[in-house]
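Following: one structure in structure tokens, then a few remarks.
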Amino acid sequence: MVDFIFQNRKKLIFAFIGLLVVVFLIYGFYRIKKSLPNLEKLTNYEPALPTLIYSQDGVKIAEIFEERRYPVLINEISPFIKNAFIAAEDSDFYNHHGFDWKGFLRASFHFITFSNQKQGGSTITQQLAKNVLLSKERTIVRKIKDIIVAREIEESFPKDKILELYLNTIYLGNGAYGVEAAAQNYFHKANMNLTLGESAMIAGLTPAPSTYDPTDNFTAAKSRQAYVLERMHKLGFITKNQYDRAMTEKVVAYKAESPNNKIAPYFIAEIKKQLQNQLDIDNLGTSGLTIYTTLNSRIQNAALTSVQAFADLYQSRRSYKGSIKRHGNGFRDYIKTLVNLPIKETEYERAVVVSIDDTLRAVGIVTQRGLGVIPVEEISWAIKSERDIEDVEPDVNNILKVGDEIHVLKVNKKIHSRIINDKNFLPNLINYAKHFEAPVKDNILRYTLADSVGIEAAALVMDTRNGEILAMVGGEHFLQSQFNRATQAERQVGSSVKPLYYSYAIDSGFSPASKIDSPKIDFDGWKPENYGGKETGRTTLLQCLAQSLNIPSIFLYQTIGSLKITKQLSRFGFNWPYSDLSIALGSGSASLLKMVQAYSVFPNQGQMTLAYYIQEIVDRNGKIIYSSKDGKIYPLEVVPENVQDAPYLPGKTIDKTEEPSSLQLISPQSAYVTLNMMRHVVNMGTGQGALGVSPYVAGKTGTTNQSSDAWFLGIASQLVGGVWVGYDDNSKTLGGGGTGSVMAVPIWKNIMQTAVRIYAQQSWPKPPGIHEIRIDKETGEYSTSRDAVSVYVIDGTEPGGVYSRNALDDHSNSLDNHLELSITPDNNDNADEKSSPVLPKKKVHKKI
Numbered sequence: 001m002v003d004f005i006f007q008n009r010k011k012l013i014f015a016f017i018g019l020l021v022v023v024f025l026i027y028g029f030y031r032i033k034k035s036l037p038n039l040e041k042l043t044n045y046e047p048a049l050p051t052l053i054y055s056q057d058g059v060k061i062a063e064i065f066e067e068r069r070y071p072v073l074i075n076e077i078s079p080f081i082k083n084a085f086i087a088a089e090d091s092d093f094y095n096h097h098g099f100d101w102k103g104f105l106r107a108s109f110h111f112i113t114f115s116n117q118k119q120g121g122s123t124i125t126q127q128l129a130k131n132v133l134l135s136k137e138r139t140i141v142r143k144i145k146d147i148i149v150a151r152e153i154e155e156s157f158p159k160d161k162i163l164e165l166y167l168n169t170i171y172l173g174n175g176a177y178g179v180e181a182a183a184q185n186y187f188h189k190a191n192m193n194l195t196l197g198e199s200a201m202i203a204g205l206t207p208a209p210s211t212y213d214p215t216d217n218f219t220a221a222k223s224r225q226a227y228v229l230e231r232m233h234k235l236g237f238i239t240k241n242q243y244d245r246a247m248t249e250k251v252v253a254y255k256a257e258s259p260n261n262k263i264a265p266y267f268i269a270e271i272k273k274q275l276q277n278q279l280d281i282d283n284l285g286t287s288g289l290t291i292y293t294t295l296n297s298r299i300q301n302a303a304l305t306s307v308q309a310f311a312d313l314y315q316s317r318r319s320y321k322g323s324i325k326r327h328g329n330g331f332r333d334y335i336k337t338l339v340n341l342p343i344k345e346t347e348y349e350r351a352v353v354v355s356i357d358d359t360l361r362a363v364g365i366v367t368q369r370g371l372g373v374i375p376v377e378e379i380s381w382a383i384k385s386e387r388d389i390e391d392v393e394p395d396v397n398n399i400l401k402v403g404d405e406i407h408v409l410k411v412n413k414k415i416h417s418r419i420i421n422d423k424n425f426l427p428n429l430i431n432y433a434k435h436f437e438a439p440v441k442d443n444i445l446r447y448t449l450a451d452s453v454g455i456e457a458a459a460l461v462m463d464t465r466n467g468e469i470l471a472m473v474g475g476e477h478f479l480q481s482q483f484n485r486a487t488q489a490e491r492q493v494g495s496s497v498k499p500l501y502y503s504y505a506i507d508s509g510f511s512p513a514s515k516i517d518s519p520k521i522d523f524d525g526w527k528p529e530n531y532g533g534k535e536t537g538r539t540t541l542l543q544c545l546a547q548s549l550n551i552p553s554i555f556l557y558q559t560i561g562s563l564k565i566t567k568q569l570s571r572f573g574f575n576w577p578y579s580d581l582s583i584a585l586g587s588g589s590a591s592l593l594k595m596v597q598a599y600s601v602f603p604n605q606g607q608m609t610l611a612y613y614i615q616e617i618v619d620r621n622g623k624i625i626y627s628s629k630d631g632k633i634y635p636l637e638v639v640p641e642n643v644q645d646a647p648y649l650p651g652k653t654i655d656k657t658e659e660p661s662s663l664q665l666i667s668p669q670s671a672y673v674t675l676n677m678m679r680h681v682v683n684m685g686t687g688q689g690a691l692g693v694s695p696y697v698a699g700k701t702g703t704t705n706q707s708s709d710a711w712f713l714g715i716a717s718q719l720v721g722g723v724w725v726g727y728d729d730n731s732k733t734l735g736g737g738g739t740g741s742v743m744a745v746p747i748w749k750n751i752m753q754t755a756v757r758i759y760a761q762q763s764w765p766k767p768p769g770i771h772e773i774r775i776d777k778e779t780g781e782y783s784t785s786r787d788a789v790s791v792y793v794i795d796g797t798e799p800g801g802v803y804s805r806n807a808l809d810d811h812s813n814s815l816d817n818h819l820e821l822s823i824t825p826d827n828n829d830n831a832d833e834k835s836s837p838v839l840p841k842k843k844v845h846k847k848i
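This is the structure we're talking about:
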């Protein structure tokens with residue numbers, strides 16, 4: 001009886017425990033089930049997609065992404081790819097219902113037997129659940145969730161849809177999500193164009209993308225590829241012949257290259273700024289937008305190449321400016337500071353010289369990132385510039401001392417074996433590895449001495465018919481400096497300003513034949529001169545512009561009235577002081593973008609066209625969310641603040657509620673006459689270097705005080721191109737020959753030679769009310785001689801005629817184009833085209 005009771009009690013206890021276990025399992029399942037994600041996220045799945053930015057000629061110029069992914073439909077995926085992934089990851093995919101017990105056991109056995117290779121234990125459906133709906137944690141609970149969610153996915157979606165989602169979401173290394181991104185990353189082709197061997201190599205990445213990366217570990221990738229091909233053959237996906245060919249196929253994988261900011265980094269930065277500031281779009285890395293811009297990739301390439309070639313050429317002639325600082329014996333203490341300085345995203349690094357070995361002819365350095373070596377050949381350019389003696393053996397000690405803080409640039413070359421094998425040099429250098437938290441002693445790099453504060457240049461090209469920016473270069477190297485010298489830098493414009501007020505003079509009654517005196521003058525200590533100090537005497541307006549003469553330009557400026565001219569210039573967007581007479585010679589500062597925009601008036605019949613960058617924006621679903629046809633978005637800095645005063649005609653205004661695409665700033669007649677005068681700048685003046693680009697070329701050079709800035713604004717048919725050259729520190733001089741004609745014109749010519757092959761060159765439309773005459777360029781008189789030049793004049797302003805329309809208030813009845821101007825200047829400041837001496841009360845130009 002006792003035994004019976006005891007045995008029943010045991011049964012009851014076990015039954016109770018069993019019941020608790022069941023209840024616990026049911027409760028646990030309920031809790032897990034309740035915490036499962038809603039499949040609606042998968043139904044309406046919108047993964048992070050890159051924003052793609054294209055040039056107007058269809059070239060992808062940038063890609064902004066957090067996850068690089070190009071979604072493709074199942075029928076756009078290669079059969080090789082589909083079968084390779086099924087063979088490698090889930091051979092029973094089309095038969096199971098989300099979880100494969102046989103596959104799980106097979107994978108476990110394979111891992112135990114071949115521990116160097118992994119075989120997927122999770123089904124493709126489970127992996128999809130983990131990638132899209134669940135966390136990446138490795139726990140029993142998450143594994144149970146995998147199975148449950150996979151089952152629900154199988155009940156809700158057809159197999160092909162599951163496979164499509166999976167092949168678009170799987171991470172395959174180097175930032176690539178999905179098979180299309182992987183195909184373009186590793187093989188630079190669409191997945192549909194992959195070979196069998198390439199497809200198998202991509203499928204082999206799945207277990208561990210970094211381990212099987214064919215660009216870093218080709219042996220491991222090849223081994224994994226062989227496993228995938230073997231599985232494909234065993235499952236009947238490929239024939240024995242296909243298998244054999246794929247095993248011997250030569251597969252070449254490429255390092256994944258970021259498509260961002262290579263061809264047009266400064267332009268892309270402007271696009272980003274505009275999207276964020278004016279269109280309130282800031283999620284570019286995930287939004288999947290497609291942006292079509294105004295840029296022309298061929299002209300942009302020409303601009304970038306021309307700027308960089310110029311900078312390289314100029315730098316090759318440079319002299320070393322010296323170390324940043326000499327720390328002497330205190331350099332060891334400074335190293336602690338150096339390695340903790342914030343590292344800027346630039347090609348250059350700061351470094352401290354810690355050893356110089358005259359025998360090895362090498363310098364040991366500690367950089368912000370680690371340890372390095374500078375062989376003597378990477379310093380020879382500086383040694384040569386210091387000594388400038390070809391036959392003397394270079395001596396590093398003439399340039400560098402231990403303790404010097406310098407700029408260096410990493411070089412992708414090996415360190416000489418003589419340095420590596422030396423018993424003392426590297427071991428002594430490695431002693432400084434203690435300053436770094438990360439191990440650096442096994443990664444000593446080769447560097448070159450750098451002069452990081454070099455000459456800079458910027459270039460812009462615009463189509464004046466519509467305002468499209470076709471090319472933009474804001475500096476030599478974007479990684480070195482993100483400061484955009486084409487849009488952000490405000491530099492003195494030099495004589496490039498002259499056509500803007502010469503055109504106002506034409507509208508006020510002058511003509512190219514008008515004569516102006518050019519005596520020596522002294523404005524309370526300011527003694528502006530013509531370039532080279534040459535004296536010209538009485539000369540024509542045509543010659544004043546062609547030869548960029550300063551003295552007659554000052555007289556012209558004051559005669560018309562500085563207040564009236566500065567008000568006119570403000571309509572272009574230049575807010576310069578009217579009391580400053582040196583504005584006539586270009587002491588005012590402006591961006592290259594504003595100057596290019598201002599010059600658009602000349603080929604565009606007096607209308608200034610506002611620049612813009614974006615043509616169209618399309619969302620991830622193909623819907624157009626912005627189009628320039630509906631209304632352009634202009635960079636804020638190019639729209640004149642006083643747009644309501646823009647028209648040159650009295651009493652005519654622009655409705656401020658409308659966004660203008662162009663502004664009538666001078667008459668069509670004045671625009672054409674001035675444009676023709678600028679043709680003579682190219683034909684016989686300071687812009688002769690631009691000859692030959694097109695039959696329709698005009699322009700104006702500019703060189704500022706002490707050659708700090710060199711400009712050329714040139715027009716080829718309906719295109720305007722602008723180039724600026726200088727140092728970011730405007731106290732530095734470009735030196736001898738640092739003029740617009742020597743430095744800026746050649747860059748402009750190289751760019752525009754490409755542009756004119758793309759854009760048809762047409763003559764400028766001639767407005768009514770003007771006619772052509774031939775004059776002596778020196779006297780302005782009618783002439784039929786061989787040396788006479790052809791100019792255009794507004795009707796009634798030819799030699800001997802009196803101007804009667806729209807004349808200045810002060811001179812409406814007396815401004816003859818042949819009037820000999822002789823005026824008394826009463827203002828002072830500085831000047832241009834090798835502008836002027838520095839004035840006692842000279843303004844300090846804002847430093848960049």
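The opening position of the sequence shown corresponds to residue 1 in the UniProt record's numbering, with each subsequent residue numbered one higher. We treat Cβ as the ideally placed atom computed from N, Cα and C, and that holds for glycine. This structure is a prediction, so every number in the text was calculated from the model and none was measured.
### Task
Would you kindly work out how many angstroms separate the C-alpha atoms of residue 784 and residue 768, rounded to a whole number?
Within the sequence shown, numbered from 1, the residue matching residue 784 stands at position 784. Within the sequence shown, numbered from 1, the residue matching residue 768 stands at position 768. Taking the straight line joining both Cα atoms gives about 24 Å.
### Message
Pop quiz: residue 279 and residue 758 are said to be a contact at Cβ under 8 Å. What is the actual Cβ separation, rounded to whole angstroms?
### Response
Against the sequence shown, residue 279 aligns to sequence position 279. Against the sequence shown, residue 758 aligns to sequence position 758. In fact, because the Cβ distance is near 29 Å, the residues do not count as touching under 8 Å.
### Query
Do the segment 197-209 and the segment 280-295 make contact, defined as three or more Cβ pairs closer than 8 Å?
no
### Query
Per DSSP, residue 471 is paired with what?
The residue given as residue 471 occupies position 471 in the sequence shown. Residue 471 pairs with 461.
### Message
Can you tell me where the beta strand (DSSP E) holding residue 375 begins and where it ends?
### Response
Here the question's residue 375 lines up with position 375 in the sequence shown. Residue 375 -> beta strand (DSSP E) spans 371-375.
### Task
Taking all protein chains shown into account, decide if residue 565 is buried (16 or more other Cβ within 10 angstroms of its Cβ) or exposed.
Looking up residue 565 in the sequence shown gives position 565. Under this definition residue 565 is a buried residue.
### Query
On the premise that residue 238 lies in contact with residue 196, defined as a C-beta separation below 8 Å, what is that separation, rounded to the nearest angstrom?
Your numbering for residue 196 matches position 196 in the sequence shown. Your numbering for residue 238 matches position 238 in the sequence shown. At roughly 7 Å, the Cβ-Cβ gap stays under 8 Å, so residue 196 and residue 238 are in contact.
### Minimum C-alpha distance to residue 404 - residue among 338, 272, 360 and 410
The sequence position of residue 404 within the sequence shown is 404, counting from 1. With distances taken between Cα atoms, residue 404 lies closest to 338.
### Task
Count the other C-beta atoms from every protein chain shown that fall within 10 angstroms of the C-beta of residue 15, then say buried if there are 16 or more, exposed otherwise.
By 1-based counting over the sequence shown, the position of residue 15 is 15. The residue is exposed, with fewer than 16 neighbouring Cβ atoms inside 10 Å.
#### Entry: residue 593 versus residue 487: straight-line alpha-carbon distance, rounded
Within the sequence shown, residue 593 is the residue found at index 593, counting from 1. Within the sequence shown, residue 487 is the residue found at index 487, counting from 1. Taking the straight line from one Cα to the other gives about 5 Å.
### Query
Would you call the segment 66-74 and the segment 472-486 touching, i.e. three or more CB-CB distances under 8 Å?
no
### Query
How many angstroms separate the CA atom of residue 462 from the CA atom of residue 682?
What you label residue 462 is simply residue 462 of the sequence shown in a count that begins at 1. What you label residue 682 is simply residue 682 of the sequence shown in a count that begins at 1. The straight-line gap from Cα to Cα measures roughly 20 Å.
### Message
Measuring only the C-alpha atoms, how far is residue 754 from residue 779?
### Response
Along the sequence shown, read from residue 1 onward, the residue named residue 754 stands at position 754. Along the sequence shown, read from residue 1 onward, the residue named residue 779 stands at position 779. One C-alpha to the other measures close to 39 Å.
### Query
Given that a residue counts as buried once 16 or more other Cβ atoms are within 10 Å of its Cβ, and exposed if not, what is residue 559?
Within the sequence shown, the letter at position 559 stands for residue 559. With 16 or more Cβ atoms within 10 Å of its Cβ, residue 559 is classed as buried.
### Task
Pull up the DSSP beta-bridge partners for residue 233, would you.
Numbered from 1 along the sequence shown, position 233 holds the residue referred to as residue 233. BP columns for residue 233 are empty, so no partner.
### Task
Could you tell me how far apart the beta carbons of residue 666 and residue 504 are, in whole angstroms, since I believe they sit closer than 8 Å?
If you number the sequence shown from 1, residue 666 lands on position 666. If you number the sequence shown from 1, residue 504 lands on position 504. With 8 Å as the limit, residue 666 and residue 504 qualify as a contact, their Cβ atoms being about 7 Å apart.
### Task
Can you grab the Cα-Cα spacing for the pair residue 738 / residue 406, in whole Å?
One-based indexing of the sequence shown puts residue 738 at position 738. One-based indexing of the sequence shown puts residue 406 at position 406. Distance between the alpha carbons of residue 738 and residue 406: 27 Å.
### Query
Assuming residue 715 contacts residue 306 under a Cβ cut-off of 8 Å, what Cβ separation, rounded to an integer in Å, is found between them?
What you label residue 715 is simply residue 715 of the sequence shown in a count that begins at 1. What you label residue 306 is simply residue 306 of the sequence shown in a count that begins at 1. Not really, about 18 Å apart at Cβ, beyond 8 Å.
### Message
Using C-beta distances below 7 Å, list every residue in its chain close to residue 627, excluding the 5 sequence neighbours before and after it, in chain order.
### Response
If you number the sequence shown from 1, residue 627 lands on position 627. Only 616 meet the Cβ criterion.
### Query
To which residues does DSSP link residue 202 through a beta bridge?
Along the sequence shown, one-based indexing puts residue 202 at 202. Paired residues: none, contrary to the question.
### Rounded C-alpha distance that separates residue 350 from residue 724
Taking the first residue of the sequence shown as 1, we reach residue 350 at position 350. Taking the first residue of the sequence shown as 1, we reach residue 724 at position 724. Approximately 28 Å, taken between the alpha carbons.
### Task
Classify residue 506 as helix, strand or coil using the three-state DSSP reduction.
Taking the first residue of the sequence shown as 1, we reach residue 506 at position 506. Helix, per DSSP.
### Message
Given this structure, state the Cα-to-Cα distance separating residue 270 from residue 473, to the nearest angstrom.
### Response
Here the question's residue 270 lines up with position 270 in the sequence shown. Here the question's residue 473 lines up with position 473 in the sequence shown. For residue 270 and residue 473, the distance between alpha carbons rounds to 11 Å.
### Query
Do you know offhand how far residue 335's Cα is from residue 366's?
Taking the sequence shown and counting its residues from 1, one reaches residue 335 at position 335. Taking the sequence shown and counting its residues from 1, one reaches residue 366 at position 366. For residue 335 and residue 366, the distance between alpha carbons rounds to 8 Å.
### Task
Could you pull the start and end residues of the beta strand (DSSP E) that residue 627 belongs to?
Here residue 627 refers to the residue found at position 627 when the sequence shown is read from its first residue. Segment 624-627, the beta strand (DSSP E) holding residue 627.
#### Entry: Three CB pairs or more closer than 8 Å across the segment 668-687 and the segment 421-435
no
#### Entry: For residue 152, the nearest candidate out of 43, 456 and 312 (CA to CA)
Your numbering for residue 152 matches position 152 in the sequence shown. For residue 152, the nearest C-alpha among the options comes from 43.
### Query
Could you give the residue range of the beta strand (DSSP E) that holds residue 791?
On the sequence shown, position 791 is the one that residue 791 refers to. It spans 789-794 - the beta strand (DSSP E) in which residue 791 sits, taken as one unbroken run.
### residue 355 - partner residues in DSSP beta bridges
On the sequence shown, residue 355 is found 355 positions in, with the first residue counted as 1. According to DSSP, residue 355 bridges with 364.
### DSSP three-state assignment for residue 270, whether helix, strand or coil
Residue 270 sits at position 270 when you count from the first residue of the sequence shown. Helix.
### Task
Could you tell me the distance, in whole angstroms, from the CA atom of residue 272 to the CA atom of residue 285?
Counting from one through the sequence shown, the residue named residue 272 turns up at place 272. Counting from one through the sequence shown, the residue named residue 285 turns up at place 285. So the alpha carbons of these two residues sit roughly 11 Å apart.
### Query
Assuming residue 793 contacts residue 513 under a Cβ cut-off of 8 Å, what Cβ separation, rounded to an integer in Å, is found between them?
Walking along the sequence shown from the start, residue 793 turns up at place 793. Walking along the sequence shown from the start, residue 513 turns up at place 513. Sure, about 7 Å apart at Cβ, within 8 Å.
### Message
Closer than 8 Å is the cut-off here; do at least three beta carbon pairs connect the segment 546-562 with the segment 596-609?
### Response
no
### Query
Mapping DSSP to helix, strand and coil, what is residue 712?
What you label residue 712 is simply residue 712 of the sequence shown in a count that begins at 1. In this structure, residue 712 counts as strand in the three-state DSSP scheme.
### Query
With a Cβ-Cβ cutoff of 8 Å, do residue 605 and residue 296 count as a contact?
As a working mapping, residue 605 is identified with position 605 in the sequence shown. As a working mapping, residue 296 is identified with position 296 in the sequence shown. For residue 605 and residue 296, no; Cβs fall outside 8 Å.
### Task
Could you have a look at residue 166 and say whether DSSP puts it in helix, strand or coil?
For the purposes of this step, residue 166 is taken as the residue at position 166 of the sequence shown. DSSP places residue 166 in helix when its eight states are reduced to three.
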